[in-house]
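Just below is one structure, and these are the notes that go with it.
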Amino acid sequence: MKQTKCRIEMKCQKCDKKATMHITDLVGSKPVELHLCAEHAQEYLAQTENGMSPVGGNMASALAAQMAQQMAFSKVSDEFSKSDQETCPVCGLTFFEFRANSRLGCPEDYQTFRKQLTPLLMNIHGECRHTGKRPSCFGEEDARKLTALIGYRREMSEAIETESYEKAGMLRDKIRKLESEAGIE
Numbered sequence: 501m502k503q504t505k506c507r508i509e510m511k512c513q514k515c516d517k518k519a520t521m522h523i524t525d526l527v528g529s530k531p532v533e534l535h536l537c538a539e540h541a542q543e544y545l546a547q548t549e550n551g552m553s554p555v556g557g558n559m560a561s562a563l564a565a566q567m568a569q570q571m572a573f574s575k576v577s578d579e580f581s582k583s584d585q586e587t588c589p590v591c592g593l594t595f596f597e598f599r600a601n602s603r604l605g606c607p608e609d610y611q612t613f614r615k616q617l618t619p620l621l622m623n624i625h626g627e628c629r630h631t632g633k634r635p636s637c638f639g640e641e642d643a644r645k646l647t648a649l650i651g652y653r654r655e656m657s658e659a660i661e662t663e664s665y666e667k668a669g670m671l672r673d674k675i676r677k678l679e680s681e682a683g684i685e
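For any residue, its number in the numbering used here is found by taking its place in the sequence shown, counting from 1, and adding 500.
Here you go:
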């Protein structure tokens, strides 16, 4: 059964544009949510800088909420940019490419991106260790050969790009030998 995820895009509360800023302000003891487009968000920020509370709540709480949101966003943004640049040494996949395609390139990616994948796997499967069955014909040695094949193919592509044709030829021969040993065509 195929599952589909439904994403609801919030609209700005002052116009029909897509809301890009979501603010929770305390009015008394009640939280009030604001969903604003970029244009109206700038107006909101200008009003808070002038000392006016656009929602009618306590100015200190509005500024505190805004600052906390900006700090949290900045921290998450920095973490994402660092994670996105991590690269698998075997297949050359970056974490940014994984996030864009939702596909890993080789078994080594599980180790390379372990810190980022663990919470994701726990959320999806409730476990981060494989506990299911493996094909009986697929052993540890086969997994190593497949990982090596992925690495050789990446190296061969790089050699071709840099016009190192001798190196590419040697890697091609290694790939063919490994494929015949593993029974891959």
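Beta carbons are placed, not taken as given, at the ideal position from N, Cα and C, and that holds for glycine. What you are looking at is a predicted structure, and each value in this text was computed from that prediction instead of being measured.
Query	Result
Judging by CA-CA distance, which residue of 663, 606, 650, 601 is the nearest neighbour of residue 675?	650
Confirm, please, whether the CB-CB distance from residue 647 to residue 588 is below 8 Å.	no
Taking all protein chains shown into account, decide if residue 501 is buried (16 or more other Cβ within 10 angstroms of its Cβ) or exposed.	Legend: pLDDT at residue 501 = 49, less than 50; position of this residue unreliable, value from coordinates given subsequently. Classification for residue 501: exposed.
For residue 668, which residues from the same chain have a beta carbon less than 6 Å from its beta carbon, with the 5 sequence-adjacent residues on both sides left out?	656, 659, 660
For residue 533, which residues does DSSP report across the bridge?	524
Label residue 643 either buried or exposed according to how many other C-beta atoms from any shown protein chain fall within 10 Å of its C-beta, with 16 as the threshold for buried.	exposed
Tell me, please, which residues DSSP counts as bridged to residue 594.	587
Just list the residues that DSSP pairs residue 615 with in beta bridges.	Per DSSP, none; premise fails for residue 615.
Quick check: the Cα distance between residue 701 and residue 585, rounded to an integer number of angstroms?	Outside the displayed range of the chain (501 to 685) lies residue 701, so it cannot be described from this structure.
DSSP beta-bridge partners for residue 517?	According to DSSP, which records beta bridges pairwise, residue 517 is partnered with nothing at all.
Using 8 Å as the threshold, is the C-beta distance between residue 545 and residue 514 below it?	no
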